[in-house]
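Engineer: Quick one: structure below, then a few questions.
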Amino acid sequence: MSFSLDMKAFVEKTKGNAEQIVQKAAIDMLSKIVDRSPVGNPELWAANIAHRQANTRAADDYDFKVAVRNTLINLDESNFTKAGKLRRGVKYAKPLTKTERTQNFDVNGLVAGKDYIGGRFRANWQVSFDTAKTGTLDIVDPGGGATKAVGKLMLEGFSGDVSSIWLMNNLPYGHRLEYEGWSSQAPAGMVGITATEFQVSVNKAVAELP
């Protein structure tokens, strides 16, 4: 998945601080794409959602039975003394505490991705001039800060001799993330939305010029 801007044509049409405008606009667009890139979160995986839902139902069923038992106790007058206290040997059942729901019923548990660390897709946005980069990076950057910093450093080297700027992500599932709504974090993708905001980024770059 890639995103390329025809910078040479843009520079030719722009007067004054063209290179600075291009740099700032490209940096802004890179930042948006990185921020919009989903970060793998096992909490959202279908298998884990189903696991937690099933365990939550089991815990809720336990608490329902507790409530029924206690109601039956209250309905039987023989369970109480004349003073209205429970007779010896009769005890209310206790509903689950938050800790017991977690420890005994695993309502927050995971069946997949327990050791998974997200952020590889976000870390794989690479910047290049004129020619798109190939290959992938075996790193993670959940927050996206390092990816944006590296890209910003690269983009600050832009000059009017450059014909195009490439923002490239070569991970194989990028196409599904962009076009197939594969992630609930980015249901409409990342690149297409950002491309429609090109003029916004340019206007912002112009406004920030000294």
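Number 224 in the numbering used here belongs to position 179 of the sequence shown; there are no gaps in the numbering.
Glycine is no exception: its CB is placed at the ideal position from the N, C-alpha and C atoms.
#1: List the residues that DSSP assigns as beta-bridge partners of S173.
#2: Using 8 Å as the cut-off, can you tell me whether the region 134 to 153 makes contact with the region 93 to 111, which would need three or more C-beta pairs spanning the two stretches below that distance?
#3: In or out: E253 buried (at least 16 other Cβ within 10 Å) or exposed?
#4: When the distance is taken between beta carbons, is G163 closer than 7 Å to G234?
#5: Taking L182 as the reference, give the member of A191, K193, K127 and W170 with the closest Cα.
#6: Exposed or buried, K159, counting other C-beta atoms within 10 Å across all chains shown (16 or more means buried)?
#7: From which residue to which residue does the alpha helix (DSSP H) around M74 run?
#8: Please specify which runs of the alpha helix (DSSP H), each continuous and at least 4 residues long, are wholly inside the region 94 to 175, giving them in chain order.
#9: On the three-state DSSP scale, how would you describe Q244?
Structural biologist: Well, looking at it:
#1: W211
#2: yes
#3: exposed
#4: no
#5: W170
#6: exposed
#7: A63 to R81
#8: 143 to 150 and 165 to 168
#9: helix
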